[in-house]
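I have placed the structure first, in the form of structure tokens, so that the comments after it can refer back to it.
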Amino acid sequence: MLQNMSWTKAEEAFKQSDLVILPTGSCEEHGPHMPLGTDFLVAGEIARRVGEKTGAIVAPTVPYGHCPWHMDFPGTVNIDQDVLYGYYMQICEALVKWGAARFMFINGHGGNTPVLDRVSMKLRSKGVLCCVVDWWTLAGTLNSAWVERGHGGVPETSAVLALFPGLVDMEAAKPAQPKRFSPQLETQSINKFGFRNVPVKIWMRTRDIVEVGNFGDDPRLATAALGESEIGAVVEFLSELSRIRLQPDPA
Ligand SMILES: [Zn+2]
Numbered sequence: 002m003l004q005n006m007s008w009t010k011a012e013e014a015f016k017q018s019d020l021v022i023l024p025t026g027s028c029e030e031h032g033p034h035m036p037l038g039t040d041f042l043v044a045g046e047i048a049r050r051v052g053e054k055t056g057a058i059v060a061p062t063v064p065y066g067h068c069p070w071h072m073d074f075p076g077t078v079n080i081d082q083d084v085l086y087g088y089y090m091q092i093c094e095a096l097v098k099w100g101a102a103r104f105m106f107i108n109g110h111g112g113n114t115p116v117l118d119r120v121s122m123k124l125r126s127k128g129v130l131c132c133v134v135d136w137w138t139l140a141g142t143l144n145s146a147w148v149e150r151g152h153g154g155v156p157e158t159s160a161v162l163a164l165f166p167g168l169v170d171m172e173a174a175k176p177a178q179p180k181r182f183s184p185q186l187e188t189q190s191i192n193k194f195g196f197r198n199v200p201v202k203i204w205m206r207t208r209d210i211v212e213v214g215n216f217g218d219d220p221r222l223a224t225a226a227l228g229e230s231e232i233g234a235v236v237e238f239l240s241e242l243s244r245i246r247l248q249p250d251p252a
């Protein structure tokens, strides 16, 4: 954990590892039952565990992200994509100066993904390798029981129950009742609607589709046990992945 090292320890650590894990999240609503810090807390804890298993350097978590669609809910903080891109780039460029040659972004929030992709492409043109991991997508691919069909649903609530049980208020958890905008359109997400069983992207705000803020599965079905197996499998997978040595041609 870079934040716990002195500069002399950091100097030593960068001689041992050129892989830096950067957890990224968002400070945003996750329904009435979950903390605003959900995305960065979970990403940070996965990163800490992967670092512990592999010896990779774990940089401090970036807690804010891009989430304009949630800005109707108190406490949410949105960072514009261009600002976030510049912020991620400056963090990575500083770490490259100290010895990072490879990054694994352990991301907890979907709004950050296009920005992290852009950072990765830019850094690749400078000879640096980046791997972007959306942990909830990885979890759903590893096991269909962990597919997050929304936001603050069963898999995500289970993860917070497992990692930070004191921060979830299960009594406040409510199933989402997504609004319909047309009898022909099925509401699936804030930007995903089904038309004749084909998903189409139409951007709404979260408040347009749900009152509670969470959507997808009924969060009352979440359990700490599900979260523990889910997070355990993600940590295991990423620990193995981060041990792979890639030797691409110099950019
Ligand atoms: Zn989330």
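Numbered by our numbering, the letters in the sequence shown go through residues 2 to 252 in order. The beta-carbon is built from N, C-alpha and C at its ideal position, and this holds for glycine as well.
beta-carbon residue i near ligand 2 non-hydrogen atom, thresh 7 Å
i, result
"T207", "Among the ligands modelled here, namely ligand 1, ligand 2 does not occur."
Residue i versus residue j - alpha carbon distance
i, j, result
"D248", "E229", "Correcting the residue identity first, residue 248 is Gln in this sequence and not Asp. Their backbone Cα atoms lie some 34 Å apart in a straight line."
"Q4", "A60", "7 Å"
"W291", "G87", "With the chain represented from 2 up to 252, any question about residue 291 goes unanswered, as that position is not in the structure."
"W99", "D83", "25 Å"
"A177", "I191", "12 Å"
"K193", "P179", "12 Å"
"D19", "F238", "19 Å"
"V201", "E12", "49 Å"
"T224", "V161", "9 Å"
"I245", "G66", "29 Å"
"L227", "C28", "24 Å"
"E94", "I22", "14 Å"
"R150", "T62", "25 Å"
"G45", "K175", "26 Å"
"T55", "N79", "33 Å"
"L130", "T188", "38 Å"
"K16", "W136", "28 Å"
"M2", "L186", "47 Å"
"A101", "L85", "20 Å"
"R206", "M6", "41 Å"
"T142", "N108", "15 Å"
"L96", "S145", "36 Å"
"F41", "G217", "20 Å"
"C68", "P33", "17 Å"
"W8", "A14", "10 Å"
"N133", "V155", "As written in the sequence, residue 133 is Val, which differs from the Asn given in the question. So the alpha carbons of these two residues sit roughly 23 Å apart."
"K127", "D170", "45 Å"
"Y89", "L117", "8 Å"
"D209", "I203", "12 Å"
"V148", "P115", "20 Å"
"A57", "K123", "22 Å"
Closest Cα partner of residue i within the set the options
i, options, result
"H164", "W204, I232 and V129", "Position check: residue 164 holds Leu in this sequence, whereas His was assumed. Of the candidates W204, I232 and V129, the one whose C-alpha sits nearest the C-alpha of L164 is I232."
"P75", "H31, V63, E53 and D219", "H31"
"N215", "D73, I47, A11 and S7", "D73"
"M35", "P220, I22, H67 and C132", "P220"
"R197", "S183, M205 and R246", "S183"
"L242", "I80, A226 and F106", "F106"
"T158", "L222, T207, T55 and K54", "L222"
"I92", "V120, P115 and T9", "V120"
"E212", "R181, N144, S240 and E187", "R181"
"T25", "G112, Q189 and S126", "G112"
"A140", "N108, V235, I58 and S126", "V235"
"G52", "T39, G38, F104 and P33", "F104"
"G38", "R49, R50, T114 and T77", "T77"
"S240", "K10, V43 and R50", "R50"
"H110", "P166, W204, R125 and H152", "H152"
Three-state secondary structure (DSSP) of residue i
i, result
"N263", "Examination of residue 263 is not possible in this model, given that the chain is present from 2 through 252 alone."
"F165", "coil"
"V116", "helix"
"M6", "coil"
"L130", "strand"
"R246", "coil"
"R103", "strand"
- Query: Hey, which unbroken runs of the alpha helix (DSSP H) at 4 residues or more fall wholly within the region 14-88?
  - Reply: List check, alpha helix (DSSP H) in window: 39-55.
- Message: So within the region 181-225, which uninterrupted beta strand (DSSP E) runs reach at least 3 residues, ignoring any that extend past its ends?
- Response: 186-190, 193-196 and 199-201
- Task: Taking 6 Å as the limit, tell me which residues put their C-beta closer than that to any heavy atom of ligand 1, in chain order.
- Result: With the cut-off at 6 Å, the residues found are H31, T39, D40, H110, H152 and E157.
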